[in-house]
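Heads up: the sequence shown begins at 1 in full-length UniProt numbering, then just goes up one per residue. Built from N, CA and C at the ideal position, the CB exists for glycine as well. As the structure is a computational prediction, the values presented were derived from the model and not from experiment.
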Amino acid sequence: MYHVPRCHQYHQLLSSPVGHEKLRRLLKCFVAANKQKLVYWQGLDSLCAPFLTLLNDEALAFSCFHSFIPKFMKDFFISDNTPVMQEYLAVFRHFLSFHDPELSRHLNKIGYHPELYAVS
């Protein structure tokens, strides 16, 4: 859990041992602060990383990240996030159909649904 070193190797801070430790601490604090409702899911580190790199202040990064998740990612990090994921994947499918109907038809025709490519 919280294996950071393979993640974010493109950024000087996040590719360093100091950056790994800061990101690991932020993630542990976030999960601990929300242990009654939220759990760690893959990708949480990618949402946390911009706060740490842009602010480079762990307390401020934590505060902003802690406010961001319930506002913009509500129920994404609960133990069973299947209903919310299905809802967002349906919205994604509608956006794709609107913005690129030809691609959307092709993907549907070959059975390549958003669950296979949009989650990551």
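Distance between Thr82 and Leu116 (C-alpha atoms, nearest Å): 14 Å
Straight-line CA distance for Asn108 to Thr53? 38 Å
Which of the three DSSP states is assigned to Ile78 in this structure? For Ile78, the secondary structure class from DSSP, reduced to helix, strand or coil, is strand.
Please find out if some non-hydrogen atom of the ligand ZN comes closer than 8 Å to the beta-carbon of Leu89. You won't find the ligand ZN in this model; it holds no ligand whatsoever.
Does Tyr2 come out as helix, strand or coil in the three-state DSSP assignment? Residue confidence for Tyr2 is low, a pLDDT of 48 falling below 50, so the modelled location carries little weight; the figure read from the coordinates is stated next. Annotated three-state conformation of Tyr2 is coil, per DSSP.
Return helix, strand or coil for Leu23, following the three-state DSSP convention. helix
Alpha-carbon spacing of Gln36 relative to Phe72, whole angstroms: 19 Å
Does the structure place the stretch 60-69 close enough to the stretch 27-47 that three or more beta carbon pairs sit under 8 Å? yes
For Leu38, list the residues DSSP reports as bridge partners. Ile78
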